[in-house]
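Chains as they are written, first to last, in my numbering: chain A, 168 to 724; chain B, 246 to 481. Ideal Cβ placement from N, Cα and C applies to all residues, glycine included. Only a predicted model underlies this, so the values are computations on that prediction, with no experimental measurement involved. Structure, as structure tokens:
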Ligand code: HEM
Ligand SMILES: [Cu+2]
């Protein structure tokens, strides 16, 4: 079967197709069977629902921020409320959405299937980590309901320990607990990858999605505990007066910065690496080629993870690191850009040599590549010392990290959700609507955040709720963009929900992709495989797939 | 496919192909968890080394306020409890339920003694106004003679820094004690299961993995004791 048409969507005959009788969704019934499940796929769904809830809460705060910034005067909210708004927006988006987004949902769902095993190594710990996520989330919500936090998501001392009288401890505790959820997810992934691969699944036959999760997991396991202890120290400082960061006792607020960014810089890669894994799968599928330079892409994930631990001080150029170390960190920062660039180039080569089709996941993937590249390049600007001193704490930073995190990660997340939705639910969503959503998001995104680069360059500082009138035009553009973007995010929510009941039956392999997950039924059985598969070909082997499909045709026909 | 051909222990979970795989995965997971613990304590060790470098004199004076005999006794007690835990693993491996229970109980008892002595040390610090914060008595270190302390007098701002020493002392030993308390909790659960005979049927993974945790807690202490109590004590 050759993909001559512009689309490779390969849906079964709609008059006769039905979902398989038994699958993980209907294997057991009742709420309790979900709340006590050990099935990685069900836990993935629980996570998907949870992070969606928090995403829209965090998004509502973003909306309020943008509404306030529509006019130069501080007219919608008072300044302390504004501080709380952007703090909660940042905290929720980073810790409750971005960090768990791809790993806890798609990663959880797919990792065991891609490795050819029945579950993650520790199903109970997997479930536990979902509960920890919620306990952490509820603490953060409690901090919100009790009156909010205004530290920003970075909890900078001594601001957070001495000068702010808000619910810092509650929020810090929430992040601490949610942090353990992420540690356990990473731990589960690493053990599963090392110990549970199916026969024949060698390291270099693993899908790149798995590689990227492997690298992200290393970061989760090594970085998150440092954040955890840092927040514990902040909490102890506020409650019982321990003085590790407190300058009046001889403590050093800079130490907080070092510890915080030691986690939070790598955390950026915890957020982005799994997204890169999604893009590798999607690009390969819709270009119908093995990703160019498979090994380089695999190793670049691990390189990003390891280098990521050595660049944290680029967040501290204006905070009193010595000139010498600033220079070193500046250089190291430029170095981390290299493995990211390797990935971008390899995807580009893959595309160039492949026969591309433009399905919805692919549209999102293009969005990712474009926006992440801009985000990454502006990051290199920021890594350059002189530029950073001019641009730091301005809207340039806000634009930069939204390009990376929202333009990058969120696009990748949506790409992945659209790509694997037929596998997860057995059903397809309306194609034209989904393409519309992808395009809307892209346009809305650029309209929101491109003006912010200019604003930052012109000197508009971040975290202020009022600004000089000459900045208004750009701010209005940005707010208008945010509205379009909002529509782009709500659309998938609607048509994906619709598809659960009315979507066309997707069949096992609608994209004609090669991964193991596409060779089993959709939605999969609780135990994934009736018989543990033997991996006898490389990842992304389209010739193998063609042969397999030919055989199926001859045996059936 | 649920009915396996060979016989499995009741503890075998269906998603592992073999018991060997299950056991390896468990141990590997435990080692990784301990790695996260190292990073967790690592933040505090980093802070300790940094501040010790900066405020050397204050740290010397701070160290001198701790009791070597109490710390030393506790070190011995913790090592002994670790020894009993190792014996517990052995007892589980040779499937001796009575011995396993005995060694778990002994591990727990020694764990409690450690925590008791720790409590005593904390209490003493409280009475001497060594707890950082409002009640911290800086004058003791500015003017040690008046308090009968055999210390080098410190300039007022250096004397302030003794608080940092105690902040780290409480943060590090407190975090260590918290790990012990969690460990003792798990020990009670293990005893309950051991008495049911769970671990003397050839299935010893939980005992082994807990032993790794307990030894890790020992080892952290073996760093804390010299760093906090012993280094550079030279009272003049
Ligand atoms: C609907 C789109 C969004 C809009 C309009 C928006 C708007 C904003 C604005 C205006 C700020 C800056 C506040 C300030 O510094 O004065 C901000 C900060 C931030 N945003 Fe967003 N945002 C959006 C989506 C997201 C998403 C999806 C994420 C993460 C997934 C995110 C993560 C962050 C973070 C981490 C901060 C830093 C907060 C801080 O400065 O403490 N944003 N956002
Ligand atoms: Cu960074």
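Checking the DSSP bridge columns, you'll see residue 457(A) has no partner listed.
Residue environment for residue 216(A): exposed (fewer than 16 other C-beta atoms within 10 angstroms of its C-beta). Take residue 582(A), set aside five residues on each side of it, and the residues of its chain with a beta-carbon closer than 6 Å to its own are 445, 449, 528, 531, 532, in chain order. A Cβ of chain A is located within less than 7 Å of the beta carbon of residue 269(B).
For residue 324(B), the enclosing alpha helix (DSSP H) stretches over residues 313-338. DSSP places residue 233(A) in the helix class (H, G or I) of the three-state scheme. Listed in chain order, the positions of the stretch 255-284 of chain B with a beta carbon within less than 9 Å of a beta carbon of chain A are 258, 259, 260, 261, 262, 266, 267, 269, 270, 271, 273, 274, 277, 278, 280, 281, 282, 283, 284. Not a single heavy atom of ligand 2 lies less than 6 Å from the C-beta of residue 567(A).
Within the model, the alpha-carbon separation for residue 469(B) versus residue 456(B) is close to 20 Å. Collapsing the DSSP output to three states places residue 628(A) in a strand. In this model, residue 293(A) and residue 351(A) are separated by some 7 Å (Cα to Cα). Taking 6 Å as the cut-off, one finds no heavy atom of ligand 2 near enough to the beta carbon of residue 425(A). Two segments are said to touch when three or more pairs of C-beta atoms, one from each, lie closer than 8 Å; by this definition the stretch 327-345 of chain A touches the stretch 303-310 of chain A. By the 16-neighbour rule on beta-carbons within 10 angstroms, residue 362(A) is buried. Taking C-beta atoms as the reference points, residue 628(A) and residue 561(A) count as a pair closer than 7 Å. Think of a sphere of 8 Å around the beta carbon of residue 576(A): no beta carbon from chain B falls inside it, the nearest being about 24 Å out. Ranking 356(A), 623(A), 285(A), 691(A) by CA distance to the CA of residue 555(A) puts 623(A) first. DSSP, reduced to helix, strand and coil, places residue 268(B) within a helical segment of the structure shown. Secondary structure of residue 372(A) (DSSP, three-state): helix.
A Cβ-Cβ distance of about 6 Å is found for the pair residue 673(A) and residue 593(A), placing them in contact under the 8 Å criterion.
Excluding five sequence positions before and after residue 701(A), the CB atoms of its chain that fall closer than 7 Å to its own CB belong to 365, 366, 367, given in chain order. The beta-carbon distance between residue 417(A) and residue 476(B), rounded to whole angstroms, is 19 Å. This is too long to meet the 8 Å contact definition. Of all residues in the stretch 390-420 of chain B, only 405, 406, 408, 409, 412, 413, 415, 416 come within less than 7 Å of chain A when Cβ atoms are compared, listed by chain position.
At a cut-off of 7 Å, the C-beta of residue 377(B) has a neighbouring C-beta in chain A.
Residue pairing for residue 561(A): DSSP places it in a beta bridge opposite 628(A). Taking 7 Å as the cut-off, the Cβ atoms of residue 353(B) and residue 429(B) count as close. Pairing residue 253(A) with residue 232(A) gives a Cβ-Cβ distance under 7 Å.
Contact between residue 336(B) and residue 345(B) is confirmed by a C-beta separation of about 4 Å, below the 8 Å threshold.
Rounded to whole angstroms, the separation of the alpha carbons of residue 357(B) and residue 445(B) is 26 Å. For chain A, none of the residues of the stretch 448-465 of chain B brings a beta carbon within less than 9 Å of one of its beta carbons. Rounded to the nearest whole angstrom, the C-alpha separation of residue 268(A) and residue 295(B) is 36 Å.
Taking the Cα positions, residue 513(A) is about 15 Å away from residue 379(A). When Cβ-Cβ separations below 7 Å define contact, residue 418(A) makes contact with chain B.
Secondary structure of residue 594(A) (DSSP, three-state): strand. Residue range 401-440 is occupied by the alpha helix (DSSP H) that includes residue 406(B).
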